[in-house]
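The next block holds one structure in the form of structure tokens; read it before the comments.
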Amino acid sequence: MDGTTLPSAKQPSPLTAKELIDEYFIENRTRLLEIAAFLDRLDRVDASSAGRDFRMKAFREALAALAGGGGRLDRIQLILSDPRETPLDALDRKSALGAYDRWSGSSTGGRS
Amino acid sequence: MKYIDHHAHMVSRTTDDYQQMALSGCVAVTEPAFWAGWDRSHADGFEDYFRQLTDFEPKRAAQYHIQHYAWMAMNPKEADDRPLSREVLARIPKFLDRPTVLGIGEIGLNRVTRNEIETYTEQVELARAHHQLILIHTPHLEDKLKGTRISVDVLRTFPALDPARVLVDHAEEHTLAMILDHGYWAGLTLYPQTKVSAQRAADIVERFGPERICIAGACDWGPSDALAVPRFIMEMRRRRHPESLIHQLVFENPVRFLSQCERFKIRPELEREAVGSR
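One line per chain: the protein sequences are Y and L, in this order. Be aware that the first sequence starts at 62, since it is given in our numbering, and climbs by one per residue. Be aware that the second sequence starts at 53, since it is given in our numbering, and climbs by one per residue.
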């Protein structure tokens, strides 16, 4: 579902595109630089690590989705989500890790 | 602006937070039973916690003229322990008649295990049997989509349960439609990292509208913000949304949902009279 089920209830932003850019550009410029700095930091330590860790594999996919058209947020939420519909047979850990390991086939999401 | 935070773990907060919330317009908080950050070893520990929620915390909040209400439950983080869960559930009914208890919550799933689903299902049944409102926790991060789907699927196995008496909390962009489309209320909880920001919450309102959506801070013992709801109000004003829309989200909607329990003292009809007499 994409949120289009309640079209009459939408509350369009009162701001124009120009006003949104004026208001939000600087803080989102900062966020962009923070992501770039994080990736460069990883490269300085171990350039190949991002290729091995399932969280960073998902992160790279999310970055590609970011460069696409509208609906970026919904696509990224799905990239980072466990797509399965079956419960775990036993508790593996208390906390979620932020991304689902689609590459190892493990239900617990291994760390590389 | 007057607001209600329907999800705040105030036992983890200082009285300074109560004061700041009162100064920023908070008139009522509702506190779901929650995980302490470590697993309790006995059901007695839960019973003491339920006494804290229903005896002590309302008095602490009242010092700042904030109404405090509570929800009783075995929280999802400890719900995989089936023997302990059964013991805790057996102790809940005696708290349901306390004057500030609104219902059963927060129940739901954490890692989405079979044990968690069993405990969750038993608590839905407990709420149904005692005609209680329900507040549902949905899992975090990568577990949210799957956990919300299964939580809703379980609710739908209770055809006599009125969806309007259930609030599914911690909704995000990819789970909101499935909650609203089945007639449940949805909660957006504002967290610095693991849930939604004030900006994304405002985006969600722009996409989905304000009907059956409530806003909360879900402040607890971890990184969180007791003033998250006022920050959402500021974000909505920053975008020049009308005050009436913001008031609906942070006050009128939670009053509509919570006042389905007669113990919730803020009544929609009294609020309308108060506004009319100004």
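Positions of the beta carbon are idealized from the N, C-alpha and C atoms, including for glycine. Note that the structure is predicted; figures quoted are calculated from it, not measured.
Under a CB-based cut-off of 8 Å, is residue i close to chain Y?
i, result
"P262 (chain L)", "yes"
"I298 (chain L)", "no"
"K198 (chain L)", "yes"
"K129 (chain L)", "yes"
"R308 (chain L)", "no"
"D394 (chain L)", "For chain L, the structure presents residues 53 to 330; residue 394 (chain L) sits outside this window and is missing."
"P151 (chain L)", "no"
"P191 (chain L)", "yes"
"H183 (chain L)", "no"
Does residue i come out as helix, strand or coil in the three-state DSSP assignment?
i, result
"S168 (chain Y)", "Confidence in S168 (chain Y) is poor, its pLDDT being 43 and thus under 50, which makes the residue's placement unreliable; the coordinate value appears in the next sentence. Coil."
"P135 (chain L)", "helix"
"G187 (chain L)", "Reading off the sequence shown, one finds Leu at residue 187 (chain L), where the question assumed Gly. Residue state, collapsed to three classes: strand."
"R159 (chain L)", "First, the residue type needs correcting, since residue 159 (chain L) is Ile and not Arg in the sequence shown. Of the three classes helix, strand and coil, the one that applies to I159 (chain L) here is strand, per DSSP."
"S173 (chain Y)", "Low local confidence applies: a pLDDT of 27 at S173 (chain Y) is under 50, so the model's placement there is unreliable, with the coordinate-based value given in what follows. Three-state result, S173 (chain Y): coil."
"P84 (chain L)", "strand"
"T246 (chain L)", "coil"
"P68 (chain Y)", "Any reading at P68 (chain Y) is ruled out, since the residue's pLDDT is 44, under 50, leaving its predicted position unreliable."
"V164 (chain L)", "coil"
"I30 (chain L)", "The requested residue 30 (chain L) is not part of the displayed model; chain L covers only 53 to 330."
"G261 (chain L)", "coil"
"L219 (chain L)", "strand"
"G77 (chain L)", "coil"
Between residue i and residue j, which are expected to be in contact by the criterion C-beta below 8 Å, what is the C-beta distance as a whole number of angstroms?
i, j, result
"R315 (chain L)", "P151 (chain L)", "6 Å"
"S276 (chain L)", "A268 (chain L)", "Incorrect: roughly 11 Å between the Cβ atoms, too far for contact."
"G155 (chain L)", "I118 (chain L)", "The pair is not a contact, with the Cβ atoms about 19 Å apart (cut-off 8 Å)."
"F309 (chain L)", "L240 (chain L)", "So it is not a contact: roughly 13 Å between Cβ atoms."
"P144 (chain Y)", "I202 (chain L)", "Between I202 (chain L) and P144 (chain Y) the Cβ distance is about 13 Å, and since that is not below 8 Å, they are no contact."
"I256 (chain L)", "E225 (chain L)", "6 Å"
"V307 (chain L)", "I56 (chain L)", "7 Å"
So the candidates are the options; which of them puts its Cα closest to the Cα of residue i?
i, options, result
"V206 (chain L)", "L:Y172, L:I186, L:W237, L:D221", "L:Y172"
"A223 (chain L)", "L:C266, L:P211, L:R208", "L:C266"
"T106 (chain L)", "L:G97, L:E83, L:S93", "L:E83"
"Q71 (chain L)", "L:H299, L:G199, L:E174, L:A278", "L:A278"
"Q72 (chain Y)", "L:L136, L:P135, L:A254, L:M126", "L:A254"
"W174 (chain Y)", "Y:M117, Y:N89, Y:A78", "Any property of residue 174 (chain Y) remains undetermined from this structure, which presents chain Y solely from 62 to 173."
"S64 (chain L)", "L:D272, L:R319, L:L148, L:K317", "L:D272"
"H58 (chain L)", "L:A238, L:P244, L:R289, L:K111", "L:A238"
"L161 (chain L)", "L:V153, L:A181, L:I188", "L:I188"
"H192 (chain L)", "L:T227, L:R319, L:D133, L:E321", "L:T227"
"L139 (chain Y)", "Y:L152, Y:R154, Y:G159", "Y:G159"
"D162 (chain Y)", "Y:R113, Y:A98, Y:R92", "Y:R113"
"D153 (chain Y)", "L:A216, L:D195, L:Q184", "L:D195"
"F122 (chain L)", "L:W90, L:Q104, L:K198", "In the sequence as displayed, the identity of residue 122 (chain L) is Ala instead of Phe. Considering only alpha carbons, the answer is L:Q104."
"D135 (chain Y)", "L:Y101, L:L197, L:G97", "L:L197"
"Y236 (chain L)", "L:R264, L:R143, L:A85, L:A250", "L:R264"
So is residue i in contact with chain L if we call contact Cβ pairs under 8 Å?
i, result
"E84 (chain Y)", "yes"
"E122 (chain Y)", "no"
"S109 (chain Y)", "no"
"M62 (chain Y)", "In this predicted model, M62 (chain Y) has a pLDDT of only 39, less than 50, meaning its place in the structure is not dependable; the value taken from the coordinates is given anyway. Yes, because at least one Cβ of chain L sits closer than 8 Å to the Cβ of M62 (chain Y)."
"L134 (chain Y)", "yes"
"E95 (chain Y)", "no"
"R149 (chain Y)", "Arg is not the amino acid found at residue 149 (chain Y); the sequence shown has Leu there. With 8 Å as the cut-off, L149 (chain Y) counts as an interface residue toward chain L."
"D143 (chain Y)", "yes"
"L103 (chain Y)", "no"
"A128 (chain Y)", "no"
"K118 (chain Y)", "no"
"G159 (chain Y)", "yes"
"D114 (chain Y)", "no"
Tell me whether the beta-carbon of residue i lies closer than 8 Å to the beta-carbon of residue j.
i, j, result
"A128 (chain Y)", "R121 (chain Y)", "no"
"N167 (chain L)", "R138 (chain L)", "no"
"A125 (chain L)", "E177 (chain L)", "no"
"V53 (chain L)", "I231 (chain L)", "A small correction: the amino acid at residue 53 (chain L) is Met; Val does not occupy that position in the sequence shown. No, Cβ-Cβ distance for M53 (chain L) and I231 (chain L) is not below 8 Å."
"Q175 (chain L)", "L141 (chain L)", "yes"
"R163 (chain L)", "F210 (chain L)", "no"
"A114 (chain L)", "V81 (chain L)", "no"
"T165 (chain L)", "D214 (chain L)", "no"
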